[in-house]
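Residues in the sequence shown are numbered consecutively from 33, following this note's numbering.
Remarks on the structure that follows.
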Amino acid sequence: MVPLSVLDLAPIVAGATAADAFRNTLDLARHAERLGYHRYWLAEHHNMPGVASAATAVVIAHVAAGTSTIRVGAGGVMLPNHSPLVVAEQFGTLESLYPGRIDLGLGRAPGTDATTARALRRHGDLDPDSFPSDVVELMAYFRDVEPGQRVRAVPGAGLHVPIWLLGSSLFSAQLAAALGLPFAFASHFAPDLLMQALQMYRAQFRASESLSTPHAMAGVAIVAAPTDGEARRLLTSAQQQFLNLRRGRPGQVPPPVDSIDDLWTPAERAGVEHALSLAIVGAPDTVRAGLERFVATTGVDEVMVTAQIYDHAARVRSYEIVAEVSAMQGRGR
33 MVPLSVLDLA PIVAGATAAD AFRNTLDLAR HAERLGYHRY WLAEHHNMPG VASAATAVVI
93 AHVAAGTSTI RVGAGGVMLP NHSPLVVAEQ FGTLESLYPG RIDLGLGRAP GTDATTARAL
153 RRHGDLDPDS FPSDVVELMA YFRDVEPGQR VRAVPGAGLH VPIWLLGSSL FSAQLAAALG
213 LPFAFASHFA PDLLMQALQM YRAQFRASES LSTPHAMAGV AIVAAPTDGE ARRLLTSAQQ
273 QFLNLRRGRP GQVPPPVDSI DDLWTPAERA GVEHALSLAI VGAPDTVRAG LERFVATTGV
333 DEVMVTAQIY DHAARVRSYE IVAEVSAMQG RGR
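The following block contains the structure:
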């Protein structure tokens, strides 16, 4: 079985606070480390009442300080919101504090709505169309300092922090291939272009000083429980959250419901179910079969698992089940 990793949005569930979310994030990260997950990534979102990881580098430091071996990183930093130098300094600091454990995934979207994006950028001088040049600039800050270089990241220069490109379309797949970077596709909420993006990335990949062959990861929502019925009930929290977001009313992660049928229209149901069409939901045998099918179909080198589950204990148990079935697959059982 390919390596498994965790994508965490530090969810704030209904009735809880960001402080609760951070405690749960660290607890889940410690479980993930014990269970053998390879990476633990946190995502940058803004003005989202159900997401506590807006200051992504700060939360990464919190997780890295409370763990010892698992790689910790950003999945990702939304580069149009920041200057490349600031990101290099932040992740150079993280790499200096936790050497050999930090990943930097970069996204091209703002991670929020247009009004909030303008508030983040203030002067409007950070253009998403400059993403390729910003990535190249950021990569340069992590290389060894060259003679005459007037601007350097301190810390950052010479630390060679691994950079990933993230995407839900073909743009970042092409850019990752051109720059010889690892690529992660957000198929956990945008499944449509997954196969085309992976094919394009592999076909167009050019070796670089950091990566000789293409390395692709894909995100998948996995909700695991002792029975299929329990898992489907847990999934209703994520379904409600998607529904609220599509209605323009993002909120905290709601508790699960016995039936979601009365909460959405047929059109809304179709939209949410399409977004989650690659989700793997069920008991251990169901999850095992779903993971095998996903990896065989995509040929990815890693799988990034995400789970928006209201109850923290159930969320931890879900990741435990996923790790257990993966270990069984690895032993050929």
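Quick reminder that beta carbons are idealized off the backbone N, C-alpha and C, glycines included.
Just so it is clear, the structure is predicted and the values come from calculations on it, not from any experiment.
Report all residues from its chain with a CB closer than 6 Å to the CB of Leu169; omit the five preceding and five following residues, and keep chain order.
Against the sequence shown, residue 169 aligns to sequence position 137. Per the sequence shown, the amino acid found at residue 169 is Glu instead of Leu. Only residues of its own chain outside the window of five on either side were considered, and among them Pro116 have a CB closer than 6 Å to the CB of Glu169, listed in chain order.
Does Glu76 pass the burial test, meaning 16 or more other C-beta atoms within 10 Å, or should it be called exposed?
Translated into positions along the sequence shown, residue 76 becomes position 44. Under this definition Glu76 is a buried residue.
Whose CA, out of Ser201, Asn113 and Ser242, lies closest to the CA of Leu230?
For this step, residue 230 is matched to residue 198 along the sequence shown. It is Ser201.
Give the single residue among Pro287, Gly283, Ala302 and Met249 whose Cα lies nearest to the Cα of Val329.
For the purposes of this step, residue 329 is taken as the residue at position 297 of the sequence shown. Reading off the sequence, residue 329 comes out as Thr, not Val. Among Pro287, Gly283, Ala302 and Met249, the Cα nearest to that of Thr329 is on Met249.
With Arg66 as the anchor, note down where its alpha helix (DSSP H) starts and where it stops.
Position 34 of the sequence shown, counted from the start, is the residue given in the question as residue 66. Note, Arg66: alpha helix (DSSP H), Ala50 to Leu67.
Does DSSP classify Arg265 as helix, strand or coil?
What you label residue 265 is simply residue 233 of the sequence shown in a count that begins at 1. DSSP places Arg265 in helix when its eight states are reduced to three.
Where do the ends of the alpha helix (DSSP H) carrying Glu178 lie?
Stepping through the sequence shown from its first residue, residue 178 is reached at position 146. Segment: none, Glu178 is in no alpha helix (DSSP H) and carries neither H nor E.
Taking 8 Å as the limit between beta carbons, can you name the residues of its chain near Ser100, skipping five residues before and five after?
Here residue 100 is taken as the residue at index 68 of the sequence shown, counted from 1. Exclusion of the five residues before and after Ser100 leaves Glu65 as the residues of its chain whose Cβ lies within less than 8 Å of its Cβ.
Pair every Cβ in the segment 298-317 with every Cβ in the segment 271-287, then say whether three or more of these pairs are closer than 8 Å.
These segments touch.
Can you list, in chain order, the stretches of the beta strand (DSSP E) that have 3 or more residues and sit fully within the segment 163-207?
For the segment 163-207, whole beta strand (DSSP E) runs of length 3 or above, ordered along the chain, are 195-199.
Express the C-alpha separation of Phe174 and His192 in angstroms, rounding to a whole number.
Numbered from its first residue, the sequence shown carries residue 192 at position 160. Numbered from its first residue, the sequence shown carries residue 174 at position 142. If you draw a straight line from the Cα of His192 to the Cα of Phe174, it is about 5 Å long.
Only counting the same chain, and skipping five residues up and downstream in sequence, which positions put a Cβ closer than 7 Å to that of Ala263?
Stepping through the sequence shown from its first residue, residue 263 is reached at position 231. Closer than 7 Å at the Cβ level, and outside the excluded window around Ala263, lie Val255, Ala256, Ala257, Val313, Gly314 and Ala315.
Just the C-alpha distance for Leu33 and Ala235, rounded to the nearest angstrom, thanks.
Here the question's residue 33 lines up with position 1 in the sequence shown. Here the question's residue 235 lines up with position 203 in the sequence shown. For clarity, residue 33 is Met in the given sequence; the question names Leu instead. So the alpha carbons of these two residues sit roughly 24 Å apart.
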